[in-house]
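Worksheet for the structure shown next.
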Amino acid sequence: MVLEQPESPIRSCTLAMLIEPIELYVRDFHDLLILKLNDKSNSDISRKLVQIVLPLDNDDTQKFKETYKNLFENSIETDIEVVQGEKTIMSKLLIQLLEGQRNEEPNHSLSATKLIAKKLSEAVEGGKPVIDYDIFIKIFTHDAFAQLSSIFDMYEDQYGCPIQVAIEHQCQSKIEAECFQDIVEYTRSPSGYHAKILRQALDKEPIDYTTLIRTIIETYKNLFENSIETDIEVVQGEKTIISKLLIQLLEGQRNEEPNHSLSATKLIAKKLSEGVEGGKPVIDYDIFIKIFTHDAFAQLSSIFDMYEDQYGYPIQVAIEHQCQSKIEAECFQDIVEYTRSPSGYHAKILRQALDKEPIDYTTLIRTIIGHESKDLCEVKLEYSKMYDETLHQTIEHRIDIAEIKKIFVVIIATGDDLTPRNGEEDCSGDKDSSSSTGAPLNAITSKVMEKKSKHSLDVLEKFAQILKIRTSN
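Every position in the sequence shown, counted from 1, becomes a number in the working numbering once 3 is added.
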């Protein structure tokens, strides 16, 4: 049913969670081949095909080809040649990448590495070495990545220019050059390459969700050598309430708008409780998890109201009564709190992080920076209502690391009127004028207000420097 839907971010997210990563890559690859067949001039598609198969190891390559044949009843090599042309550079590159014959470890001596670097250039044209692409493709698709990096270094030593220069000079088209540049970039730094792909997908207009989802899944697997769902079940237990909750939250299948009628909302509220225990309704957690992870938040709020009308008390009471452990109860309380007021929920999380001993800087950084460009203003407002002081004031009083305090205050102050009104006291007026957050803070704030578009990047860079210094010490 999902496959029959038109291409969209929702379809991509749903597929990503319903099928194995390899099948997702295969379907993306096939979709791109069809697009390329219908639009021969779209060179960007050829590059995406290389990006899909480039990170596959030998085992994954074999699974990729088998899955392709099972799904589409044709060999992938045949389809590549139909779309990219028979024996073209692009088709040869893709087919050899899919052979799955790469050495896992370097197997060339220093002298052999020098010879291979020399072999990459058999002739000279216009004073620059000329790449022999048949050799280049074979070396890249068979040699270990560590070996390739040594070969590229040796090439640069012998010819005085990086191999990218020769690639750019010799390629007959821009897309061929870009594909081979991708090859070199991935060889030098797989993580850096994936970071670039993620940024390119985010910079697209509209955002390239298919590439984004595929790369995130691939990056998680590369970093931790396992799927995120598997890791959750290993840590939280298979088919436990918490693991089911986390995995379904990660499915990304939530409706953006309410889609139930009033009668349906009443029925769902009733369905949440299938029985009664000790005079209180008992929650069916499979249904509860499914509803929470699929229904719009506005819809959820209506369902919880309806539940309270039917049973005479809030749904939190039933949750607390039925949960087998305190942590399960707290997780579901968080669900309800977030549904009722996302900004109030985040304000509470910030306060809890500040109340910790020592302060939970990880949560503070994630919440403040993560919500800076979204709903930080609403979170600050709720915080002031809930705790009778501004978030700015709490940060000033609680944070003891001067650099982090400055950065937090700058972020929180962005968009606020920093000039005290008549009769109002500046929130930092009771501080000693010699405070480490005095004049320097004003200068930083002014600069940020002028260059708001660069704000998040600057903040993250400063945090990186601070954390690096603290780690090294």
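The beta carbon of each residue, even a glycine, is placed where N, CA and C say it ideally should be.
For a test of the three-state rule: what should DSSP assign to residue i, helix, strand or coil?
i, result
"residue 444", "At residue 444, the pLDDT of 39 sits below 50, so the modelled position is not reliable; the number obtained from the coordinates is stated separately. DSSP places residue 444 in helix when its eight states are reduced to three."
"residue 73", "helix"
"residue 299", "coil"
"residue 103", "coil"
"residue 162", "helix"
"residue 340", "helix"
"residue 57", "coil"
"residue 326", "coil"
"residue 242", "coil"
"residue 405", "helix"
"residue 423", "Here residue 423 scores only 42 on pLDDT, less than 50, and its place in the model should not be relied on; the value that follows carries that caveat. Residue state, collapsed to three classes: coil."
"residue 435", "Summary for residue 435: the model assigns pLDDT 42, below 50, so the residue's position carries little reliability; its value from the coordinates is reported in the next sentence. DSSP places residue 435 in coil when its eight states are reduced to three."
"residue 383", "helix"
"residue 232", "helix"
"residue 310", "helix"
"residue 288", "helix"
"residue 112", "coil"
"residue 462", "Any answer about residue 462 is weak, because its pLDDT of 43 lies below 50 and its placement is not dependable; what the coordinates show is given next. DSSP places residue 462 in helix when its eight states are reduced to three."
"residue 152", "helix"
"residue 377", "coil"
"residue 305", "helix"
"residue 49", "helix"
"residue 127", "Any reading at residue 127 must be qualified, since the residue scores a pLDDT of 49, below 50, and its modelled position is unreliable; no value is offered."
"residue 455", "In this prediction, residue 455 has a pLDDT of 38, which is less than 50 and means its spatial position is unreliable; what the coordinates show is noted afterwards. Note: residue 455 maps to helix in three-state DSSP."
So which of the options has the shortest CA-CA distance to residue i?
i, options, result
"residue 55", "242, 114, 219, 168", "219"
"residue 356", "401, 222, 328", "401"
"residue 66", "204, 29, 89", "29"
"residue 186", "142, 374, 84, 90", "142"
"residue 342", "324, 312, 372, 299", "299"
"residue 386", "415, 315, 145, 362", "415"
"residue 317", "305, 391, 144", "305"
"residue 154", "116, 147, 369", "116"
"residue 201", "214, 189, 89, 90", "214"
"residue 327", "183, 89, 243, 36", "243"
"residue 58", "382, 403, 75, 103", "103"
"residue 249", "169, 212, 292, 211", "292"
"residue 113", "193, 138, 158, 69", "158"
"residue 189", "160, 217, 149", "149"
"residue 73", "174, 33, 38", "33"
"residue 347", "389, 334, 338, 39", "389"
At what residues does the alpha helix (DSSP H) containing residue i begin and finish?
i, result
"residue 38", "24-41"
"residue 174", "Where residue 174 is concerned, there is no enclosing alpha helix (DSSP H), given that its DSSP letter is neither H nor E."
"residue 350", "345-358"
"residue 373", "364-374"
"residue 89", "Residue 89 -> no alpha helix (DSSP H), and no H or E assigned at all."
"residue 392", "Residue 392 -> no alpha helix (DSSP H), and no H or E assigned at all."
"residue 136", "136-145"
Any heavy atom of the ligand SAM closer than 8 Å to the Cβ of residue i?
i, result
"residue 308", "Among the components of this structure there are no ligands whatsoever, and the ligand SAM is therefore not found."
Mind pulling the alpha helix (DSSP H) runs of 4 or more residues that sit fully within the stretch 176-225?
-> Here the runs fully enclosed are 177-191, 193-206.
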